Amino acid sequence: MASAAHKLELNPVAPENLLDPVPLYRELRENDPVHWSEAVQCWFITRHEDVVNGFRDPRLSANRVKFYEAQLRGQGPEILPDFLKVLPNQMFMRDGREHIQMRRQVAGGFSPQGLDTWRPAIRRTAEQLVERVQAQGWMDVVEALSNQLPPLVIAEVLGVPLQDREQFMEWAEPLADFNAPAAGTDMLALARRANTAMRELSGYLGNVIEERRRAPGEDLLSKMIQSQEEGQMTPEQLVANAILILVAGHISTTDQLSNSLHDLLTHPDQFKKLQEDRTLVRSAVEEMMRFNTAVPNIHRIATETFQLRGKTIRKGDVVFMCMASANRDPEAFPDPDRFDITRDSNHQKHMSFGFGPHHCLGAGLARRELEIAFEVLLERLPGLKLDTEELPQLKCHSLMFRGFEKLSVRW
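For what it's worth, the working numbering labels the leading residue of the sequence shown as 93, then goes sequentially.
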C-alpha cells in the first residue's frame, strides 16, 4: 500500500500532474491500474487493455447528464435549463440502440468517400490561413492556424455560413469549459455562460435548418434534415447533434494541431525525417495523436456495481478512461515514450479517438485536417522552428482537454 505522502503525489488534478501527467500515468499503470482518486472522487483506468474493454462495457454508460448537474455543487439544475434540454438529445449521451440509431443518421457524411470530397476545401482553407502570415516570418500557431482551420472546415462541411465562425468559437468555449472546468472555477458563472451559449447556438442553428429545409444542398446538415423528415430523428435531436458536431469538431482538433506541431518541432530528428519524406505524414499524424492527445480522458458512469482488477466500482461511480495513459502503455506500444513518426500504427491503434460504439465520429475528418495542415506547413514554411523568444503557453487546467494557449513559431 502506498504511503499517505505518496497518495498525495497521485492526485490527477495536482498542478504538476496536469502539466506533465506522464509520470503519474506510468505509476498508476504499473502499481494501481484501477485507481480511486480521493481528490477527484472518481476512478481512473490507465492500462490499454482495460481502457479498450471499458469503452465496450455496457455497464459503463455515456449518459452523464447527472454528472453535469452535479458540477453545479449544490445549485439547482434550473440554472442550466437550455443546456440540460439539449444535452440528452446528443448522441454521445446515449447508449445502446438509441445511440446507434442516432449515429447512423449522421455517419454517412463521415464516410471515407464522403470525407475525401472535402480534401480540396480543407487544403484551400489551410493555404489561405498560411498565406496570411507567410510574409511576416512568424505566427502564433493557435491564433493564426489551429483556432481557425477546424471551425472553418466544420462550417463548410455542415453548410453553415462561414462568416459566422467567430461566433461559433464564442459559443463553443463556455460549452467546452463546462465539460472540463478548471480547479477553482466559479461554476455558477460558468454554468450561466454555458446555458446562454447553448440557447443562442440552438436558436441560430434552428434558423439555419429552416433555411436549409427550403433550399437543401449537398452538405451534412441537409442530409441530417432529410433523416429527421423521414422520422429517423426528432427536430430536437437534429439541432442537438448539429451543435455536438460544431463544438466537438472545433475544440479537440484545435488543441491537437498545436500539440502535434509542438511535439514535431521539439523532436528535430523526426521533423527532418518528415521534411525529407512527405509520404510519412499519415503515420506522423497517428504518432502525434498517440504521443500527446488533445483529449486525455473521457468519463463514464457505472450503471451497476462490479469488480475490476480486484476493485469494487459501485453503481453511480464516475470512471475516467485514461486514453493518454493507454497511449503510453508498453504492453500496447513498444518503447512508448519515444516519439517515432515511422511507428507502425497498424500494429496497435491509439485511443485518442476513443474506442467501440462511441469511437469519435469525426475521427476521419480530424485526421484529414491534420494531414493536410502539415502538408501545407511543410510546403509553405520549410524553415519552420519554435520561437525561442516567446515561450509556449500550455492549456492544461483540466483532465479532459490539453493544448496550448499560445505557440509562437518562426521561419
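Cβ atoms here follow ideal geometry from the backbone N, Cα and C, with glycine treated the same way. No experiment lies behind these values; they were computed from the predicted model shown.
How close, in whole Å, do the beta carbons of I301 and V331 come, if the pair is a contact with beta carbons under 8 Å?
Taking the first residue of the sequence shown as position 1, residue 301 is located at position 209. Taking the first residue of the sequence shown as position 1, residue 331 is located at position 239. Right, their Cβ atoms sit about 7 Å apart.
Suppose contacts are defined by Cβ-Cβ distances below 8 Å. Is F493 in contact with V387 by that definition?
On the sequence shown, residue 493 is found 401 positions in, with the first residue counted as 1. On the sequence shown, residue 387 is found 295 positions in, with the first residue counted as 1. Going by beta carbons, F493 and V387 fall inside the 8 Å limit.
Short check: CB of D142 to CB of P115, under 8 Å?
Position 50 of the sequence shown, counted from the start, is the residue given in the question as residue 142. Position 23 of the sequence shown, counted from the start, is the residue given in the question as residue 115. No, these two residues do not count as a Cβ contact at 8 Å.
CB-CB under 7 Å to S375, same chain, minus the five flanking residues each way: which ones, in chain order?
Taking the sequence shown and counting its residues from 1, the one referred to as residue 375 is at position 283. Once the five neighbours on either side are set aside, the close Cβ partners of S375 are I433, T434, R435 and S437.
Boundaries of the beta strand (DSSP E) in which F412 is found, first to last residue:
Position 320 of the sequence shown, counted from the start, is the residue given in the question as residue 412. Per DSSP, F412 belongs to the beta strand (DSSP E) from V410 to C414.
Return the chain-ordered list of same chain residues with a C-beta closer than 7 Å to the C-beta of S95, the five sequence neighbours on each side being excluded.
Taking the sequence shown and counting its residues from 1, the one referred to as residue 95 is at position 3. Confidence at S95 is low in this model, with a pLDDT of 40, below 50, so the placement of that residue should be treated as unreliable; the coordinate-derived value is given next. Correct list: empty, nothing qualifies.
Reduced DSSP category for F270 - H, G, I as helix; E, B as strand; rest coil:
Position 178 of the sequence shown, counted from the start, is the residue given in the question as residue 270. F270 falls in the helix class under three-state DSSP.
Secondary structure of M183, DSSP reduced to three states
Working through the sequence shown from its first residue, we reach residue 183 at position 91. Here M183 sits in helix by DSSP.
Using only the alpha-carbon positions, how far apart do P426 and L486 sit?
For the purposes of this step, residue 426 is taken as the residue at position 334 of the sequence shown. For the purposes of this step, residue 486 is taken as the residue at position 394 of the sequence shown. Distance between the alpha carbons of P426 and L486 is about 28 Å.
Which class does W128 belong to by DSSP, given the choice of helix, strand or coil?
As a first step, residue 128 is located in the sequence shown; it is residue number 36 there, counting from the start. Secondary structure at W128: strand, using DSSP grouped into helix, strand and coil.
Looking only at its own chain, which residues have a Cβ that is under 8 Å from the Cβ of R224, when we skip the five neighbours before and after it?
Counted from its first residue, the sequence shown places residue 224 at position 132. Counting only Cβ-Cβ distances below 8 Å, and skipping sequence neighbours, we find A236.
Note down the Cα distance separating M413 from M231, rounded to an integer number of angstroms.
Locating residue 413 in the sequence shown gives position 321, where the first residue counts as 1. Locating residue 231 in the sequence shown gives position 139, where the first residue counts as 1. The alpha-carbon atoms of M413 and M231 are separated by roughly 35 Å.
Let me know the secondary structure DSSP gives L312 once reduced to three states.
What you label residue 312 is simply residue 220 of the sequence shown in a count that begins at 1. For L312, the secondary structure class from DSSP, reduced to helix, strand or coil, is helix.
Under 8 Å between C-beta atoms of I317 and R306:
Here the question's residue 317 lines up with position 225 in the sequence shown. Here the question's residue 306 lines up with position 214 in the sequence shown. Contact: no.
I want to know whether the segment 464 to 482 touches the segment 401 to 418 - three or more CB-CB distances under 8 Å.
no
Between V377 and the rest of its own chain, which residues show a CB-CB distance below 8 Å, the 5 nearest in sequence each way excluded?
Within the sequence shown, the letter at position 285 stands for residue 377. The residues are S352, R459, L462, E463 and F466.
So, with DSSP's three-state summary, where would you put N245?
Residue mapping note: residue 245 aligns to position 153 of the sequence shown, counting from 1. The displayed chain sequence assigns Val, not Asn, to residue 245. Helix at V245.
CA-CA distance, N239 and G341?
For this step, residue 239 is matched to residue 147 along the sequence shown. For this step, residue 341 is matched to residue 249 along the sequence shown. Roughly 11 Å between the two C-alpha positions.
DSSP three-state call for S352: helix, strand or coil?
Here residue 352 refers to the residue found at position 260 of the sequence shown. Helix at S352.
At the level of alpha carbons, what is the spacing between T209 and G201?
Here residue 209 corresponds to residue number 117 of the sequence shown, with the count starting at 1. Here residue 201 corresponds to residue number 109 of the sequence shown, with the count starting at 1. Rounded to whole angstroms, T209 and G201 show a C-alpha spacing of 10 Å.
Tell me which same chain residues have a C-beta within less than 8 Å of the C-beta of P513, skipping the five on either side of it?
One cannot answer for residue 513 here, as it falls past the ends of the chain, which runs 93 to 503.
According to DSSP, residues forming a beta bridge with G495
The residue labelled residue 495 in the question sits at position 403 within the sequence shown. Looking at the DSSP assignment, G495 forms a beta bridge with K487.
Through-space distance from Y296 to L336, alpha-carbon basis:
Residue 336 sits at position 244 when you count from the first residue of the sequence shown. Residue 296 sits at position 204 when you count from the first residue of the sequence shown. Between the alpha carbons of L336 and Y296 lies a distance of about 14 Å.
Taking the alpha carbon of R257 as the point to measure from, which residue in N181, M185, V245 and P180 has its own alpha carbon closest?
To locate residue 257, count along the sequence shown from 1; it is residue 165. R257 has its Cα closest to that of V245, out of N181, M185, V245 and P180.
Starting from S444, trace the alpha helix (DSSP H) in both directions and tell me its first and last residue.
Locating residue 444 in the sequence shown gives position 352, counting from the first residue. S444 -> no alpha helix (DSSP H), and no H or E assigned at all.
Can you give me the Cβ contacts of V157 inside the same chain, cut-off strictly under 7 Å, excluding the 5 residues immediately before and after it?
Here residue 157 corresponds to residue number 65 of the sequence shown, with the count starting at 1. Only L176, L179, P180 and M185 meet the Cβ criterion.
Please find out if some non-hydrogen atom of the ligand COA comes closer than 7 Å to the beta-carbon of Q259.
Inclusion of the ligand COA in the displayed structure is not the case, the ligand content being empty and no account of it being possible.
Alpha carbon of L372 to alpha carbon of F383, nearest angstrom:
As a first step, residue 372 is located in the sequence shown; it is residue number 280 there, counting from the start. As a first step, residue 383 is located in the sequence shown; it is residue number 291 there, counting from the start. For L372 and F383, the distance between alpha carbons rounds to 16 Å.
Identify the continuous beta strand (DSSP E) that holds K403 and give its terminal residues.
Within the sequence shown, residue 403 is the residue found at index 311, counting from 1. Element bounds for K403: K403 to I405.
Of the choices E122, D149 and A106, whose alpha-carbon is the least far from that of H391?
Here residue 391 corresponds to residue number 299 of the sequence shown, with the count starting at 1. Selected option, being the one with the closest Cα: D149.
One or two residues paired with A394 in a DSSP bridge:
Sequence index remark: in the sequence shown, residue 394 carries index 302 (1-based). The partner list for A394 (beta bridge, DSSP) reads L152.
With which residues is N389 paired in a DSSP beta bridge?
Position 297 of the sequence shown, counted from the start, is the residue given in the question as residue 389. Bridge partners of N389: C414.
In terms of alpha-carbon separation, which member of S417, L338 and A274 lies closest to E248?
By one-based count along the sequence shown, residue 248 stands at place 156. Of the listed residues, the one whose Cα sits closest to E248 is L338.
Cβ-Cβ separation, P173 to N287 (assumed contact under 8 Å), whole Å:
Indexing the sequence shown from 1 puts residue 287 at position 195. Indexing the sequence shown from 1 puts residue 173 at position 81. Going by Cβ atoms, the distance from N287 to P173 rounds to 7 Å, so yes, they are a contact pair.
When the Cα atoms are used, what is the spatial distance from I130 to G298?
Counting from one through the sequence shown, the residue named residue 130 turns up at place 38. Counting from one through the sequence shown, the residue named residue 298 turns up at place 206. Per the sequence presented here, residue 130 reads as Glu, with Ile not at that position. Cα to Cα, the separation comes out at about 43 Å.
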